[in-house]
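Numbering (the numbering used here), first residue to last: 17 to 327.
Laid out in structure tokens, this is it:
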């Protein structure tokens with residue numbers, strides 16, 4: 017399986033922070049406009065998952081050489097959103113139809129950016145639980161109204177009948193990797209590149225395998241800890257996967273986080289193994305073993321999260 021990749025752009029390389037030898041832990045929220053230091057969970061779907069118009073569009077998109085490499089995508093997304101919104105933030109603009117692409121020997125898989133709906137949902141989320149004066153300052157009512165209309169249209173029955181079930185193909189987490197994402201992958205599925213001009217760490221798997229792993233993890237968690245936050249988080253990830261075509265590919269990309277970590281640290285990263293060890297300990301009723309694996313994983317990622325305060 018081959019991604020349409022490219023070397024690390026100079027404007028990203030210039031912002032590399034001193035590598036770490038340890039990680040940190042905590043929780044991270046998804047954002048519509050990604051930081052350069054973020055990780056990504058993506059689903060690439062085969063063209064047959066899209067309606068006829070979208071299939072034609074994506075075929076032209078790829079044949080014209082417009083597909084964007086994952087290493088360039090976050091910067092392109094950020095620039096597109098900020099420039100389109102403008103200084104006034106008074107309208108929800110049209111945004112480019114872009115995507116990441118994977119090619120196999122017999123198929124083409126596409127991960128659309130879905131920028132317009134992601135910005136609309138982020139605008140509405142930004143107003144939740146905030147006093148109206150502050151909410152209006154951050155997201156003006158005109159923009160909020162447009163965002164609500166876009167989201168309602170996206171989820172409406174008429175659109176579903178015409179275009180199929182709407183789905184957002186990429187989740188973003190800044191300054192870390194949500195622990196629930198590691199449940200979906202096996203250590204053998206890792207792809208690590210540590211070259212002077214290009215560094216990357218990714219996991220890719222068939223969506224059928226990711227679904228089985230999340231199902232097994234849910235079974236263990238429900239029996240062991242009940243409806244705890246970690247159980248709910250894994251269940252949310254499992255529900256998200258159910259939205260996609262059964263021949264899709266799931267990818268966990270460390271993205272800009274690799275610029276915070278040394279080559280040795282990346283090579284030694286065994287986060288999926290620690291998650292698997294914790295779940296295995298829970299399934300055997302060995303709470304201390306499970307707790308040790310979890311504590312090690314959380315401690316490992318804490319340093320990365322804390323870097324946000326220094327940035």
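Heads up, the beta-carbon is just placed ideally off N, CA and C, and yes, glycines get one too.
Closer than 8 Å is the cut-off here; do at least three beta carbon pairs connect the stretch 116-123 with the stretch 51-70?
yes
I need the DSSP call for residue 259, collapsed to helix, strand or coil.
coil
At which residues does the beta strand (DSSP E) containing residue 208 begin and terminate?
206-211
Work out the CA separation of residue 251 and residue 312 for me, nearest whole Å.
23 Å
Determine the DSSP secondary structure at residue 44, reduced to helix, strand or coil.
Note that residue 44 scores 32 on pLDDT, short of 50, meaning its location in the model is unreliable; the coordinates nonetheless yield the value given after this. It is coil, neither helix nor strand.
Indicate the three-state DSSP secondary structure (helix, strand or coil) for residue 117 in the structure shown.
strand
Of all the options 64, 67, 56 and 135, which has the alpha carbon lying nearest to the alpha carbon of residue 95?
135
Can you look up residue 55 in the DSSP assignment and give me helix, strand or coil?
strand
Taking the beta carbon of residue 216 as the centre, do at least 16 other beta carbons fall within 10 Å, making it buried, or is it exposed?
buried
Helix, strand or coil, according to DSSP, for residue 189 in the structure here?
strand
State the start and end residues of the unbroken alpha helix (DSSP H) segment that holds residue 269.
Premise fails: residue 269 lies in the beta strand (DSSP E), 265-269, not in any alpha helix (DSSP H).
If you follow the beta strand (DSSP E) that residue 220 is in, where does it begin and where does it stop?
214-222
Near residue 176, which residues of its chain fall below 6 Å by C-beta distance, leaving aside the five closest residues on each side in sequence?
Low per-residue confidence applies at residue 176: pLDDT is 45, beneath 50, and the placement is therefore not dependable enough to give any value.
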